[in-house]
Amino acid sequence: MTVSEIADLVGGSAHGDAARDIRSVAALESAGPSDVTFAADSKALERAVGSSAGCILVTSESALVAGVATVRVGNPKLAFIRVAERLAPRRAPTPGIHTTAVVAASAVVAPDASVGPGVVIEPGVCVGPRSALGAGVFVGEDAEIGAACVLHPGVTLYARVRVGNRVILHAGVVIGGDGFGYVFHEGRHEKFPQIGGVVIEDDVEIGCNTTIDRGSLGTTVIGEGTKIDNLVQIAHNVTIGKHCIIAAQTGISGSVTVGDYAVIGGQVGIGDHVEIEPGARIGSKGGILPGKIVRRGAVIWGIPGRPLEVFKRQHAHLSRLPDLARRVRELERRLRERS
Amino acid sequence: MTVSEIADLVGGSAHGDAARDIRSVAALESAGPSDVTFAADSKALERAVGSSAGCILVTSESALVAGVATVRVGNPKLAFIRVAERLAPRRAPTPGIHTTAVVAASAVVAPDASVGPGVVIEPGVCVGPRSALGAGVFVGEDAEIGAACVLHPGVTLYARVRVGNRVILHAGVVIGGDGFGYVFHEGRHEKFPQIGGVVIEDDVEIGCNTTIDRGSLGTTVIGEGTKIDNLVQIAHNVTIGKHCIIAAQTGISGSVTVGDYAVIGGQVGIGDHVEIEPGARIGSKGGILPGKIVRRGAVIWGIPGRPLEVFKRQHAHLSRLPDLARRVRELERRLRERS
Amino acid sequence: MTVSEIADLVGGSAHGDAARDIRSVAALESAGPSDVTFAADSKALERAVGSSAGCILVTSESALVAGVATVRVGNPKLAFIRVAERLAPRRAPTPGIHTTAVVAASAVVAPDASVGPGVVIEPGVCVGPRSALGAGVFVGEDAEIGAACVLHPGVTLYARVRVGNRVILHAGVVIGGDGFGYVFHEGRHEKFPQIGGVVIEDDVEIGCNTTIDRGSLGTTVIGEGTKIDNLVQIAHNVTIGKHCIIAAQTGISGSVTVGDYAVIGGQVGIGDHVEIEPGARIGSKGGILPGKIVRRGAVIWGIPGRPLEVFKRQHAHLSRLPDLARRVRELERRLRERS
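Which chain is which? The protein sequence lines are A, B and C, in order.
Under our numbering, the residue at position 323 of the first sequence is numbered 323, and the numbers go up by one with no gaps.
Under our numbering, the residue at position 98 of the second sequence is numbered 1098, and the numbers go up by one with no gaps.
Under our numbering, the residue at position 214 of the third sequence is numbered 2214, and the numbers go up by one with no gaps.
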């Protein structure tokens, strides 16, 4: 693509050598003469001075960079995504079923789906068009996978898990394992039935080795467009809303509901039956006690979780605690002296 | 089953339409006319009013629910487990070894065991009767698996791991990986031998993607009936007692011992050489410093862990710290005014 | 080996029955007459009294143990490693490619490498001499594996991951998954390109089910000799230095740099763009806020992280907070009485 074609693609304006040929995308620091990169803010723009990039996407109000072709556009980072989709597209895997895959006769696999080596597809499974199942993926009985999904190697879907369209599951993801529920009886933990379902809606992405348990009797749901990082644990009967962000190593206990557009940091722990209302944000490493309600749009930090401004105030006071103790000793001394 | 047969099975008394035909189990909220469900307490019972369930298991002292067949029984949730074992039994996998499995000649696999596609069984392995190994399970040299175990897809047992009877290992579990032990020498970390064993006793269940390391020289032991959730880390030389509960994402460091019936919440961290006595409980996200002893029956919270009542008191004082600081300022002002 | 041969091997001095035949290594508690074990300090030496070990490695200044052959040596634990390398060597897997492996025609696999059952090697991959790929390992397009590596069963390397020499990857490790990066646009999270690389340098060891994401545009690097425990998360664009230690379940966010010889405890969380200078130590469960710099050699504890001595002081004051509050009440009472 030329710089001017890039400008057209992203709806921006080309400046400098508009005919320059751009072949790939790169980071600002390493971009060379045939690379396009971006500078999302003024700090990045400073680092761009002296760059040998072929083209830099900059903000509409941005100064131009001497000697470098630039494209001014409203959101350079978003524009960069659009260009990368063209210059560095994810290669579509070859359609067809690998000879080493084991596919049950009753399974329905779309002709243009791709089923990798060693994949196991059990009876009653349905795999939609253009979906790609990497090596060693396991799809349990009666599970359903929609269109244009990517299941990376080693993903396990237990029986009856339902996955929507354009879902990306990274290597080692396990969906539909039994929830962690027991009844204590005569000195032993007896297993409660874990026979519910899991629904992963459209456009969800789930990171490596994350685990999502099936409902015990009901259904665990991950809402449309939600993105989940690596090594996250989502327990039985959880409902996650649409377009949420859940960072790595967070754990969400049973029967929690998370509203749309919630943002949950890394290593957060959420107790069972918590209700997180839409748009709430939980800071990394925070802990929410069982049964709590986190209000719409709230920003919560700490263990146990409290509003960020309360956390900050308490933390500041905690830092000054040695000083406070010293002042109380001083007060005691003065009172003693007076008596 | 009829309602009256259910009552017989669980040792309860049938009320209402005792001849009604019940075909499946369901949650209280979604149960239909041919489903049995349960109401374990009075709050659940309130929600049961207007239910279209075919049968509700209720407590012995419970009021009846108008228009719904009920079975009064001492422990409705436990009774529900018993009914589910009949109405929704886990389907036994077909015995036999899949043609794509790779089984060493010297391995002994019970004739009624089930070995799925792509399973690898190395020399000297023993797989007991009625055990089922899901797709892609790996069983290392000289490992032993008892009777009636279920290993879900993608479980890895390193060499010489010993698994008892009726053990359930969920997808992605890894047992017997090397412990994390090194000796620092001339600027490098030299690997200490990790050549001990792992014993998983009877009736243990282990959640998805959990990892349990082998002993360095000794043995890592998970005691009978203990239940471990997803993404838990158990280090080398750990001994977990019988009938413990360990929730998701908890980490237990090397050489820790955990007594019988201990309950450990989610995301707990336990330092090395800690001794947790029987029946102790560690609240979620708690941290126990290396070498500490947690006393029998203690309830510990916080980082570092302290008795729950101490934690609560300190936390309450922490919340009032801004107020305390204000009061100290006021005292200082008053003393200043007087001098 | 005889006791005297052991002494020669480790550069120590044999005492007692130097001709005794030693066949295996064992822990101090369980060592029998043909085992060698070690006592690294005086406490261990006390436990050694009455041991039936065939040989005990002790420190140079150590007293001898009555009735047991001993070898005095500068570092008994290191000496034990050397002896174990001889008496309990890791068995080299049989070279060759298992018939069930799927190896692309364009892949180059060293003749003395070992490729286990069900392994999938994609086009352009290079596997170095004496490297062993366990059952079900997946190696994505154009990935490179150096010499003498051990990839345990179920490891997944995404495309273009580069692994050095003598690297050990435990079961379930995933390297090169997409980083967690999105741009929020018109109510949806749009995926930022995750097309960078991963480099794992020589002599790295990575524990079970740990995940290391590829760079978004740049490269994620794990430095030579660094050891990473189980279930660790390392995000995109992270650079870990040489000879670091990272304990289990720790999470390192995007674009973090960690200097050589840093030691990071278990369940630590490190925010994005943090810079940890060489030799710093982060205590288990600590949390470092995004963008912070941890100074060379610092020892940091707590959430958010602070120097250990500050943490200890604050924690001590926190413990005394109920007492402080009581004293403030007393001061208020006394002032009230006086007015």
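For each residue, glycine too, the CB sits at the ideal point set by N, CA and C.
Where residue i sits in the DSSP three-state scheme
| i | result |
| --- | --- |
| P2307(C) | strand |
| R1296(B) | coil |
| D8(A) | helix |
| D1323(B) | helix |
| L2151(C) | strand |
| Q2314(C) | helix |
| E224(A) | coil |
| R336(A) | helix |
| V2256(C) | coil |
| E205(A) | strand |
| E1186(B) | coil |
| L1028(B) | coil |
| S2042(C) | helix |
| L2157(C) | strand |
| V1328(B) | helix |
| V1238(B) | coil |
| V2003(C) | helix |
| K191(A) | strand |
| A132(A) | strand |
| C1244(B) | coil |
| L1231(B) | coil |
| T1219(B) | strand |
| R23(A) | coil |
Best match in the options for proximity to residue i [C-alpha to C-alpha]
| i | options | result |
| --- | --- | --- |
| D1142(B) | A1026(B), S1106(B), L1057(B) and G1265(B) | S1106(B) |
| S1114(B) | I1097(B), V1120(B), E1190(B) and S1284(B) | I1097(B) |
| L2133(C) | V2102(C), R2160(C) and G2124(C) | V2102(C) |
| T226(A) | C208(A), A262(A), N237(A) and P193(A) | A262(A) |
| A2148(C) | R2306(C), A2027(C), T2099(C) and D2203(C) | D2203(C) |
| E1085(B) | V1036(B), P1123(B), G1128(B) and A1053(B) | V1036(B) |
| A171(A) | F2184(C), T2156(C), G2241(C) and S2216(C) | T2156(C) |
| S253(A) | A110(A), D272(A) and I245(A) | D272(A) |
| H1243(B) | V1167(B), R1162(B) and D1112(B) | V1167(B) |
| T1211(B) | V1173(B), I1195(B) and D1229(B) | V1173(B) |
| G1176(B) | T2070(C), N2209(C), A2280(C) and R2329(C) | N2209(C) |
| Q1194(B) | N1230(B), V1108(B), E1330(B) and H1236(B) | H1236(B) |
| S2030(C) | G2241(C), A2079(C), C2055(C) and L2217(C) | C2055(C) |
| V3(A) | R326(A), P33(A) and E61(A) | P33(A) |
| G2266(C) | H2315(C), G2286(C), V2108(C) and D2041(C) | G2286(C) |
| V1258(B) | F1184(B), L1289(B), S1284(B) and G1223(B) | G1223(B) |
| R970(B) | A1159(B), G1164(B), D1229(B) and A1247(B) | This structure cannot speak to residue 970(B), because chain B is shown only from 1001 to 1339. |
| I1200(B) | A1104(B), G1116(B), A1063(B) and V1161(B) | V1161(B) |
| G1279(B) | V83(A), S42(A), E122(A) and G187(A) | G187(A) |
| H2015(C) | R2047(C), V2025(C), V2073(C) and A2044(C) | V2073(C) |
| F1138(B) | G1164(B), P1111(B), A1104(B) and R1130(B) | A1104(B) |
Residue span of the beta strand (DSSP E) that contains residue i, given as start and end
| i | result |
| --- | --- |
| V1036(B) | D1035 to F1038 |
| A1342(B) | Past the edges of chain B, shown from 1001 to 1339, lies residue 1342(B), and the structure says nothing about it. |
| T1211(B) | T1211 to D1213 |
| V2348(C) | A query on residue 2348(C) cannot be resolved here, the shown segment of chain C reaching from 2001 to 2339 and no further. |
| G197(A) | G197 to I200 |
Where residue i falls, given that 16 or more other Cβ within 10 Å makes a residue buried
| i | result |
| --- | --- |
| E2205(C) | buried |
| A92(A) | exposed |
| K77(A) | buried |
| V1120(B) | buried |
| G1251(B) | buried |
| D1178(B) | buried |
| E1337(B) | exposed |
| K2312(C) | exposed |
Proximal residues of chain D, C-beta to C-beta of residue i below 8 angstroms
| i | result |
| --- | --- |
| I1300(B) | Absent from the structure: chain D. Protein chains present are A, B and C. |
Can you list, in chain order, the stretches of the beta strand (DSSP E) that have 3 or more residues and sit fully within the stretch 1045-1099 of chain B? Counting only runs of 3 or more, we get 1055-1059 and 1069-1073.
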